[in-house]
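The structure appears right after this line, and notes come after that.
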Amino acid sequence: MMKVLVVGANGQIGKMIVDKLHESDKHSVRAMVRKPEQANALDMNGVEACLTDLEGPIEAIQNALEGMDAVIFSAGSGGKTGYDKTMSIDLDGAVKVMDAAKEVGVNRFIIVSAMNSDDRAAWDNEEMKPYNIAKYYADRCLKQSGLTYTILRPGLLKNDPATGKIEVAENLPGGAISREDVAEVAVASLDNETTFSKEFDLLNGDSPIDEALKNL
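Residues in the sequence shown are numbered from 1316 upward in steps of one, following my numbering.
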């Protein structure tokens, strides 16, 4: 059974990933959160939680990763914080988790990024530019880390129910995808070797998830 640490377990996609891993017969999950009330709520639902702050010391992140086989990073500072938090969480936080994973020997790393984060020419929204910069360099660091990575770049995120059908490619035109489908793809990618050392755009489409991933 693959043991997975979910970083950003209290986020919208993170919660869905935790639930899917908790219900799985192939995975077990440890949910990394930063507030005691979040950890207590997870514990009450039978999910192992660890209280660790991405802005805290890297040694604490290493402790959270002990005994794990993989990590899914879905943390984000959110739209209500300033640019400083975007850099601290979305960039430095991600890189700290990568460094901690290498230190403790956790090789499998999935990160939820964003469409167009890989294309500077597409950063025409000044308000979103710091977010895109953070994602760009976090993804770049992951590709250079030596870890077995998968970088998911979903389009516009929606709260619609999962369809179970997606479109994936190295580059796609703009579009949307449900958060639950992103969570499904993250979990499906964990031990799917066709996703290893790959980065791809992700939208709702016409192909079942497993079929779409096989054709990467």
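Cβ atoms here follow ideal geometry from the backbone N, Cα and C, with glycine treated the same way.
Label M1316 either buried or exposed according to how many other C-beta atoms from any shown protein chain fall within 10 Å of its C-beta, with 16 as the threshold for buried. exposed
Could you tell me the boundaries of the alpha helix (DSSP H) in which E1514 lies? First-last for E1514: 1513–1519, but that is the beta strand (DSSP E), not the alpha helix (DSSP H).
At which residues does the beta strand (DSSP E) containing K1444 begin and terminate? Bounds of any beta strand (DSSP E) do not take in K1444; it lies within the alpha helix (DSSP H) bounded by 1444–1458.
Contained alpha helix (DSSP H) runs [length at least 4] in the region 1332–1411, N- to C-terminal order: 1351–1359, 1373–1380
So A1527 is in the alpha helix (DSSP H); what residue range does that whole segment cover? For A1527, the uninterrupted alpha helix (DSSP H) run begins and ends at 1524–1529, by DSSP.
Among D1334, G1391, S1392, which residue has its Cα nearest to the Cα of A1364? D1334
Per the DSSP calculation, M1317 is bridged to which residue(s)? H1342
Please confirm if the region 1498–1515 is in contact with the region 1464–1481, defined as three or more CB-CB distances below 8 Å between the two stretches. Contact between the region 1498–1515 and the region 1464–1481 is present, because at least three Cβ pairs lie under 8 Å.
What first and last residue would you give for the alpha helix (DSSP H) that runs through R1494? 1494–1504
Output the boundary residues of the beta strand (DSSP E) element that contains E1482. Where E1482 is concerned, the enclosing beta strand (DSSP E) stretches over 1480–1484.
Specify, as a first and last residue, the run of the beta strand (DSSP E) that L1487 falls within. Note, L1487: premise wrong, no beta strand (DSSP E); not H, not E.
What residues in its chain sit with their C-beta under 7 Å from that of V1362, if we drop five residues either side in the sequence? In the same chain as V1362, and ignoring 5 residues on each side of it, the C-beta atoms closer than 7 Å to its own belong to V1333, H1337, V1344, A1346, in chain order.
Express the C-alpha separation of S1432 and A1409 in angstroms, rounding to a whole number. If you take the alpha carbons of A1409 and S1432, they lie about 15 Å apart.
What's the gap between the Cα of T1478 and the Cα of Q1377? 36 Å
On the three-pair Cβ rule with 8 Å, is the region 1377–1389 touching the region 1412–1432? yes
For A1491, write down the residues that DSSP places opposite it in a beta bridge. L1471
Measuring only the C-alpha atoms, how far is N1519 from A1375? Cα to Cα, N1519 sits roughly 37 Å from A1375.
Under the DSSP definition of a beta bridge, which residues are partnered with V1421? V1421 is not bridged to any residue.
Between the CA atoms of M1331 and R1494 - distance to the nearest angstrom: 8 Å
Please identify the residue among K1341, T1367, S1428 whose C-alpha is closest to the C-alpha of K1350. Comparing Cα positions, the closest option is T1367.
Assuming A1385 and R1423 make a contact with CB atoms under 8 Å, what is their CB distance in whole Å? 4 Å
I'd like the list of long-range same chain contacts for A1354, defined as Cβ closer than 7 Å, with 5 residues on each side in sequence excluded. V1348, A1364, L1366
Beta-carbon within less than 7 Å of K1513's beta-carbon, same chain only, minus the 5 sequence neighbours each way: which residues are those? T1465, L1531
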